[in-house]
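K.L.:
Just dropping this structure here.
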Amino acid sequence: MTTEKVHVGIDIGTTSAKICAKKGKEVIFEGKRVYETDEIESENGIQNTKLILNTVIGLLKTIREKFENENLQISDIWTCGQMHGIVFWDQDSVETSDFLNTSSLYNWTYSTPNLQNFLKTLPKWNSGEIHPGFGLVTLAYLNNSSPDSLKKYNRCGTIMDLFLTYLTQNSKCFISQHNAFSWGYCSSDYTWQPEIQKFLPNWIELPTIAQDNSKVVGTWNGIRCHVASGDLQASVASLDSFEKTAYIIIGTSAQLCCLVDSNQLSTTVLPSTIVQLPYSDSQKLIAACSMNGGNALESVLKTNADKTFSSDRLCQLLVELDNTVPRLPTNLKIDPIFIPERGVSKELSIQNVRSDTTDIQILEATHEGIINNLFSLFPVSLLFTLSIKTIALVGSSQSTRFRRHIESVIDANFEVITSASAISTPAGAINFSKI
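In terms of the working numbering, the sequence shown has 316 at position 330, counting the first letter as 1, and numbering is strictly consecutive.
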């Protein structure tokens, strides 16, 4: 009997690991494991590296055993995950995860009270703006504030890079152009910008930037392992592809993004709130990445000290908002900036809430605020400049409670469609075999 070949995609996210298996174009398995959040959650963006690794490795071993029993063989592993984070390790200790000498994971939300001022001392990044949570910013900050804490490590990478290094036992660490750019100080020729080097510890080797998004970085039990892509790029790669289309993706956070030809950007001025990310050889991903998406709905209800927050109550109210449009009090306005946005100085603002204002009215105003904020980061005028004709809604943006505010902002200037394909970052990672 012939053993059928399977491609596996893995997304190493902030709160969970997801896995997907495809045989040809058919998705034959999907799974997810949530990390034990009580052990890894931290207010300043520091996570338990070994717990995440063991969760992902356990998920991978489970699916491998399942497929062996079904006479299916995994031929390739494609990985994606949180793009900005950084972790440090001792390369000599990677033989087994139990004895792996590794730091905590400093993820995309990592910040300290001193970090914003420290940013002002760093050199300008020639290809974009730097922000707290970017990998090389975190490394430079730790080297400045507590260099001794880094002395026991000699390698660094994203959590996906460490996973692949452990899996393949490769002594050389690779990072994709997607994730290198998200670290900051990645040059247009995909080398590390020389000016940042003096701010970094000289005993920690930076990963080699792989320009090929499908580069094989090693093998695990004969299975080819490919360099990890970014989770935003993988999200877009999993969706239906349309010409001249922008995508609005709303989950915990919110993104408005579109793919454009690289040569189209030579004459386009982008605001500081827009990031220009590598995607493929011929295309860039232009995106506004708001830190405040679906998470703001929970946060706004928690601001009411007179009521105990209930997830069940929130779900009930959201269902109600999908079916009815509440009348809002005059001048009720919510700008739900619970997490600072990158590239702009905006703060949380809740105005004109009266004693008789209901939770559903507050949530309706928050939905409006989330969408208005997203379009302030990615202006409608820029969509015209980029010749966008269609807005495709993905995730929670498809719900009527968000869609009505999107349609209000764009004012019939674009066709609004619902993406038929469900967003799947692990499936998107696999799709980079063809991009």
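Even for Gly, the Cβ is constructed at its ideal location relative to N, Cα and C.
Going by C-alpha to C-alpha distance, which of Glu401, Gly10, Asn417 and Leu39 sits closest to Glu229?
P.N.:
Along the sequence shown, one-based indexing puts residue 229 at 243. For Glu229, the nearest C-alpha among the options comes from Glu401.
K.L.:
I need the DSSP call for Gln347, collapsed to helix, strand or coil.
P.N.:
Residue 347 sits at position 361 when you count from the first residue of the sequence shown. The answer is helix: DSSP assigns Gln347 an H, G or I state.
K.L.:
Can you name the start and end residues of the alpha helix (DSSP H) that Gln219 belongs to?
P.N.:
What you label residue 219 is simply residue 233 of the sequence shown in a count that begins at 1. First-last of the alpha helix (DSSP H) with Gln219: Asp217 to Ala223.
K.L.:
Do Phe388 and Ala461 count as a contact pair if the criterion is CB distance below 9 angstroms?
P.N.:
Because the chain here runs from -13 to 421, residue 461 falls outside it and cannot be looked at.
K.L.:
Jot down the residue ranges of each uninterrupted beta strand (DSSP E) in the segment 154 to 200, minimum 3 residues, whole runs only, in chain order.
P.N.:
Restricting attention to beta strand (DSSP E) runs no shorter than 3 residues, the segment 154 to 200 encloses them at 160 to 162 and 194 to 196, ordered along the chain.
K.L.:
Where Lys288 and Gln347 are concerned, what is the direct C-alpha to C-alpha distance, given to the nearest angstrom?
P.N.:
Within the sequence shown, numbered from 1, the residue matching residue 288 stands at position 302. Within the sequence shown, numbered from 1, the residue matching residue 347 stands at position 361. For Lys288 and Gln347, the distance between alpha carbons rounds to 15 angstroms.
K.L.:
How is Arg19 classed by DSSP in three states: helix, strand or coil?
P.N.:
Numbered from 1 along the sequence shown, position 33 holds the residue referred to as residue 19. Note: Arg19 maps to strand in three-state DSSP.
K.L.:
Tell me, to the nearest whole angstrom, how far the beta carbon of Leu105 is from that of Val123; I am working on the premise that it is less than 8 angstroms.
P.N.:
The residue labelled residue 105 in the question sits at position 119 within the sequence shown. The residue labelled residue 123 in the question sits at position 137 within the sequence shown. Yes, Leu105 and Val123 are in contact; Cβ-Cβ is about 7 angstroms, under 8 angstroms.
K.L.:
What is the C-beta distance between Gly355 and Ile392, in whole angstroms, given that I count them as a contact (C-beta under 8 angstroms)?
P.N.:
Translated into the one-based positions of the sequence shown, residue 355 becomes position 369. Translated into the one-based positions of the sequence shown, residue 392 becomes position 406. Not a contact, Cβ separation roughly 13 angstroms.
K.L.:
Do the segment 394 to 412 and the segment -10 to 7 touch if we need at least three Cβ pairs shorter than 8 angstroms?
P.N.:
yes
K.L.:
Quick check: what's the CA-CA separation for Gln302 versus Val311?
P.N.:
In the sequence shown, counting from the first residue as 1, residue 302 sits at position 316. In the sequence shown, counting from the first residue as 1, residue 311 sits at position 325. Spanning the two alpha carbons is a distance of roughly 14 angstroms.
K.L.:
Compute the minimum distance between the beta carbon of Leu46 and the heavy atoms of the ligand ADP, and state whether it is under 8 angstroms.
P.N.:
The ligand ADP is not part of the structure shown, which contains no ligands of any sort.
K.L.:
In chain order, what residues of the same chain have a beta carbon less than 7 angstroms from the beta carbon of Trp111, not counting five sequence neighbours either side?
P.N.:
Working through the sequence shown from its first residue, we reach residue 111 at position 125. Excluding residues within five positions, the ones whose Cβ falls inside 7 angstroms are Gly170, Tyr171 and Gln179.
K.L.:
Going by Cα to Cα distance, which pick from Phe185, Pro99 and Tyr139 is closest to Phe74?
P.N.:
The sequence position of residue 74 within the sequence shown is 88, counting from 1. The shortest Cα separation from Phe74 among Phe185, Pro99 and Tyr139 belongs to Tyr139.
K.L.:
Go ahead and label Glu350 buried or exposed: buried means 16 or more other beta carbons lie within 10 angstroms of its beta carbon, across all protein chains shown.
P.N.:
The residue given as residue 350 occupies position 364 in the sequence shown. It counts as buried.
K.L.:
Could you give the distance in angstroms between the alpha-carbon of Asn436 and the alpha-carbon of Ser385?
P.N.:
Any question about residue 436 goes unanswered here, given that the chain covers just -13 to 421.
K.L.:
Would you kindly work out how many angstroms separate the C-alpha atoms of Tyr233 and Lys137, rounded to a whole number?
P.N.:
Residue numbering aside, residue 233 sits at position 247 when the sequence shown is read from its first letter. Residue numbering aside, residue 137 sits at position 151 when the sequence shown is read from its first letter. Those two C-alpha atoms are separated by around 43 angstroms.
K.L.:
Count the other CB atoms within 10 Å of the CB of Val(-8); is the residue buried (16 or more) or exposed (fewer)?
P.N.:
Within the sequence shown, the letter at position 6 stands for residue -8. Counting Cβ neighbours within 10 Å, Val(-8) comes out buried, since at least 16 surround it.
K.L.:
Reducing DSSP to helix, strand and coil, say where Glu56 ends up.
P.N.:
Reading the sequence shown from its first residue, position 70 is the one you call residue 56. If DSSP states are grouped into helix, strand and coil, Glu56 belongs with coil.
K.L.:
With DSSP as the reference, label Gly67 as helix, strand or coil.
P.N.:
The sequence position of residue 67 within the sequence shown is 81, counting from 1. If DSSP states are grouped into helix, strand and coil, Gly67 belongs with the strands.
K.L.:
Which residues mark the beginning and the end of the beta strand (DSSP E) in which Lys(-9) is found?
P.N.:
Indexing the sequence shown from 1 puts residue -9 at position 5. Per DSSP, Lys(-9) belongs to the beta strand (DSSP E) from Glu(-10) to Ile(-2).
K.L.:
With DSSP as the reference, identify every bridge partner of Tyr233, one or two as the case may be.
P.N.:
Here residue 233 corresponds to residue number 247 of the sequence shown, with the count starting at 1. The partner list for Tyr233 (beta bridge, DSSP) reads Cys243 and Ala378.
K.L.:
Out of Leu283, Gln197, Ser215 and Asn156, point me to the one whose CA is closest to Ile236's CA.
P.N.:
Within the sequence shown, the letter at position 250 stands for residue 236. For the residues Leu283, Gln197, Ser215 and Asn156, the minimum Cα distance to Ile236 belongs to Leu283.
K.L.:
At which residue ranges does the segment 289 to 374 contain complete beta strand (DSSP E) runs of 3 or more residues, listed in the order of the chain?
P.N.:
Within the segment 289 to 374, the complete beta strand (DSSP E) runs of at least 3 residues fall at 319 to 321 and 335 to 337.
K.L.:
Going by DSSP, name the residue or residues bridged to Ala415.
P.N.:
For the purposes of this step, residue 415 is identified with residue 429 of the sequence shown, where counting begins at 1. None, per the DSSP bridge assignment.
K.L.:
Leaving out five residues before and five after Tyr21 in sequence, what residues of the same chain have Cβ atoms less than 7 angstroms from its Cβ?
P.N.:
Taking the sequence shown and counting its residues from 1, one reaches residue 21 at position 35. Counting only Cβ-Cβ distances below 7 angstroms, and skipping sequence neighbours, we find Thr1, Ser2, Leu37, Ile38 and Thr41.
K.L.:
Skipping 5 residues on each side, what residues in its chain have a beta carbon closer than 6 angstroms to that of Tyr176?
P.N.:
Within the sequence shown, the letter at position 190 stands for residue 176. For Tyr176, same chain residues with a beta-carbon under 6 angstroms away, outside a window of 5 residues either side, are Gln163, Ile195 and Gln197 in chain order.
K.L.:
Would you decide whether Gly44 is buried or exposed? Buried here means 16 or more other CB atoms lie within 10 Å of its CB.
P.N.:
Working through the sequence shown from its first residue, we reach residue 44 at position 58. Answer is exposed; the Cβ neighbour count stays below 16.
K.L.:
So, for Ile116: in the same chain, excluding its five sequence neighbours on each side, which residues have a beta-carbon less than 7 angstroms away from its beta-carbon?
P.N.:
Numbered from its first residue, the sequence shown carries residue 116 at position 130. Answer for Ile116: Leu105, Leu108, Val123 and Gly170, listed in chain order.
K.L.:
In this structure, how does DSSP classify Glu115 when only helix, strand and coil are distinguished?
P.N.:
Here residue 115 refers to the residue found at position 129 of the sequence shown. DSSP places Glu115 in coil when its eight states are reduced to three.
K.L.:
Using the three-state DSSP reduction, which class does Phe74 fall into: helix, strand or coil?
P.N.:
Looking up residue 74 in the sequence shown gives position 88. Secondary structure of Phe74 (DSSP, three-state): strand.
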